[in-house]
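Working notes for the structure below.
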Amino acid sequence: MVPTALGGGSYGIVDDLYFRLLKFLDLGKPVAPFRVGHNISYMDDRLLEKLGTDLRYCWPGRLPNSPVVTGANGETFYDSFGQVWKRALPYYNAGDPLLKDADNIHEIDHLVHWPDLSDPRWMAGVVERARMLSEQTDYFVVMRMVASHGPFQTSCDLRGTETFLMDMALNPEYAETLLDKVTTVLEGLIKLAMQAGGKYFDMIELPGDDYAGNTNPIMSPAMFRKFIKPCIKRLVIAVKEHNPNTKIMLHSDGAITKLLEDMIDLGIDVIHPLEPLLATDLTAIKEKFGQQVTFLGGIDISHAMPGSREDVIAEARRRIAQLAPGGGYILAPSNHLQADVPIENVAALFQSAHEFGKYPIQAAEV
3 MVPTALGGGS YGIVDDLYFR LLKFLDLGKP VAPFRVGHNI SYMDDRLLEK LGTDLRYCWP
63 GRLPNSPVVT GANGETFYDS FGQVWKRALP YYNAGDPLLK DADNIHEIDH LVHWPDLSDP
123 RWMAGVVERA RMLSEQTDYF VVMRMVASHG PFQTSCDLRG TETFLMDMAL NPEYAETLLD
183 KVTTVLEGLI KLAMQAGGKY FDMIELPGDD YAGNTNPIMS PAMFRKFIKP CIKRLVIAVK
243 EHNPNTKIML HSDGAITKLL EDMIDLGIDV IHPLEPLLAT DLTAIKEKFG QQVTFLGGID
303 ISHAMPGSRE DVIAEARRRI AQLAPGGGYI LAPSNHLQAD VPIENVAALF QSAHEFGKYP
363 IQAAEV
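Just so you know, we're using our numbering here: the sequence shown kicks off at 3 and counts up by one.
Below you can see the structure in the form of C-alpha cells.
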C-alpha cells in the first residue's frame, strides 16, 4: 500500500481547515496548539487516525521572545532569533529584517538574538512521545522540523532575500558568516532532538529551505554547492552521527530538478514536495532518481484540492501512477492544505490513496 502523510512541517493543514474537519468528523474539541505565531498550530492524532495516514510526529518546544501581540496592524511576534513576524494571511511573514542595513560583518553577532540552546524546554516532551509512538504503535515515527526555516531561508529572513542573494554573489564572506552562525544553531537543535529521541525516530525533517521558484532555482547549482550544500551536510551529519538508521527529509518548494543530484549526494533520503509545476516533469524525475530517493508529496494544493471531489480523485490517481510504481512514494500534499479546501476533499484524497495505492502498481492500472 502506498503510505500517506499529513501533519509534517511543510504538509499540514491550516487552523481554519482543522477546526472544520473536527466538526465534520465529529472529533470533539481541538487539542492544545503546539506553537504560537503560526496558523498551522495543531497536531491531532485523532484526525490522522480517522484519515488513515501512516506517519506520526514529534515536535520541538518553542521559546519565542514574546507572545503574539495583536495591534492595529494585526498580529506580530518575535521568533527565537529576535526577528519580528507579522500576520499576512494565511501565514506570518518576516517583518523588517534585523540585518537589512547591517553591512558590517561584525554587526551580525550584536543585532541577532542567537538562541540559548541550554534551555531544556526546547525538547520538552519529545522523548516521551517518541518512545510511546515507537513502542506502542506501528506508525512511522517522524521528528518534525526543529525550526521552520533552514540555513538559507533563515538567513534571508534576517537579511532580506534579495540582499542575501546579492551577498552570496558580491559579499561572500558576509554570506558565509551568516550561514555558518545560523547553521550552528540549527545543528545544535538537531543534536538536542537526536539526543532526546533519536533512537526512536524513523525519520527527521530538516528545517525547510526554498531554493526555487516556479520555473528554476533562484540560485545556480554552483552557488548552491558553494554556500548551501556544506550547511545541509552539517545537519545531515548531526543526524547520522547519533543514529545512522534515521532517514532524513528535506523540503524545498519550487522547480528543484537541477538541484536533486546535489540533494541526493548530501545523503537526503526523502524529498518533499515535488510540486506539480509546469516546469517539473514528475515522470522523468521518478525515472531518473526513483531508485535513489523517496518522494513525499506531489499532490496539487492550488487547483486539485480546492476543486471538485472528482479533481481530487484524479489527482491522487495521477500521482500514484507517476511516482508509486516500484515503491519510494509517500502520498501527501505538496504544501499545507489551505482554508479554501472543502473538507470532503481531504477525506477523498486519503480514501483515493487507499483505493488506488495497492501494490503492485503499474502505471496503466491507475
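All residues carry an ideal CB built from backbone N, CA and C; glycine is no exception. Bear in mind the structure is a predicted one, so any value in this text is a computation, not a measurement.
Check, Outcome
"Identify which residue in V144, H112, A350 and P99 has its Cα closest to the Cα of C158.", "P99"
"Based on DSSP bridge pairs, tell me the residues matched to P335.", "I301"
"In whole angstroms, give me the CA-to-CA distance for Y379 and G256.", "Limits of the chain in this structure are 3 at one end and 368 at the other, which puts residue 379 out of reach."
"Considering just the uninterrupted stretch of the beta strand (DSSP E) at D142, what are its terminal residues?", "Note that residue 142 is Phe in the sequence shown here, rather than Asp. Note, F142: beta strand (DSSP E), F142 to M145."
"Could you check what DSSP says for L87 in three-state terms: helix, strand or coil?", "For the sequence presented, residue 87 should be read as Trp rather than Leu. The answer is strand: DSSP assigns W87 an E or B state."
"Around the Cβ of M3, are there at least 16 other Cβ atoms within 10 angstroms (buried) or fewer (exposed)?", "exposed"
"For the candidate residues V187, Y361, H305 and G10, whose alpha-carbon lies nearest to that of C60?", "G10"
"Taking C-alpha atoms, which residue in L339, W116 and A318 lies nearest to Y331?", "A318"
"If we require 3 or more residues per run, which beta strand (DSSP E) segments fall completely within the segment 192 to 268?", "205 to 207 and 249 to 253"
"Please report the distance separating the alpha-carbon of V119 from that of R133.", "Correcting the residue type first, residue 119 is Leu in the shown sequence and not Val. Taking the straight line joining both Cα atoms gives about 23 Å."
"Secondary structure at G30, three-state DSSP: helix, strand or coil?", "coil"
"By alpha-carbon positions, which one of P308, L325, T217 and A316 ends up nearest to F291?", "L325"
"Return the chain-ordered list of same chain residues with a C-beta closer than 6 Å to the C-beta of D342, the five sequence neighbours on each side being excluded.", "P308"
"Measuring CA to CA, which of I107, A316, L262 and D302 is closest to Q369?", "Given that the chain is displayed from residue 3 to residue 368, the structure contains no residue 369 and the question cannot be resolved."
"Are the segment 184 to 191 and the segment 139 to 157 touching by the rule of at least three beta carbon pairs closer than 8 Å?", "yes"
"I'd like the list of long-range same chain contacts for D271, defined as Cβ closer than 8 Å, with 5 residues on each side in sequence excluded.", "M205, K249, I250, M251, V295 and T296"
"Distance check for Y13 and A224, CA to CA, integer angstroms please.", "29 Å"
"Quick check on the burial criterion: 16 or more other C-beta atoms within 10 angstroms. Buried or exposed for D302?", "buried"
"Tell me, please, whether the segment 204 to 223 touches the segment 278 to 285 by the rule of three or more beta-carbon pairs shorter than 8 Å.", "yes"
"Pick helix, strand or coil for G190, following the three-state DSSP scheme.", "helix"
"In whole angstroms, what is the alpha-carbon distance linking F352 and I315?", "9 Å"
"Does the distance from the C-beta atom of G200 to that of H244 stay below 8 Å?", "yes"
"Taking the C-alpha atoms as reference points, what is the distance between P66 and T285?", "A caution first: P66 carries a pLDDT of 49, below 50, which makes its placement in the model too unreliable to give a value."
"Does T139 pass the burial test, meaning 16 or more other C-beta atoms within 10 Å, or should it be called exposed?", "exposed"
"Given that a residue counts as buried once 16 or more other Cβ atoms are within 10 Å of its Cβ, and exposed if not, what is N41?", "buried"
"To which residues does DSSP link R58 through a beta bridge?", "V143"
"What is the C-beta distance between M147 and G210, in whole angstroms, given that I count them as a contact (C-beta under 8 Å)?", "6 Å"
"With distances taken Cα to Cα, identify the nearest neighbour of P62 among G127, K242, D105 and R89.", "G127"
"Going by Cα to Cα distance, which pick from Q364, I266, K228 and T179 is closest to V114?", "T179"
"Would you call E51 buried or exposed, if buried means 16 or more other Cβ atoms sit within 10 Å of its Cβ?", "exposed"
"May I ask which residues mark the beginning and end of the beta strand (DSSP E) holding H274?", "V272 to H274"
"Counting C-beta neighbours from all protein chains within 10 Å, is the total for P327 16 or more, i.e. buried, or is it exposed?", "buried"
"To which residues does DSSP link G10 through a beta bridge?", "Y13"
"What residue from F36, D47 and V16 has the CA that sits closest to L29's CA?", "D47"
"By the 10 Å Cβ neighbour count, where 16 or more other Cβ atoms means buried, how is V38 classified, buried or exposed?", "exposed"
"Using 10 angstroms around the beta-carbon of R58, count the other beta-carbons present and answer buried if the total reaches 16, otherwise exposed.", "buried"
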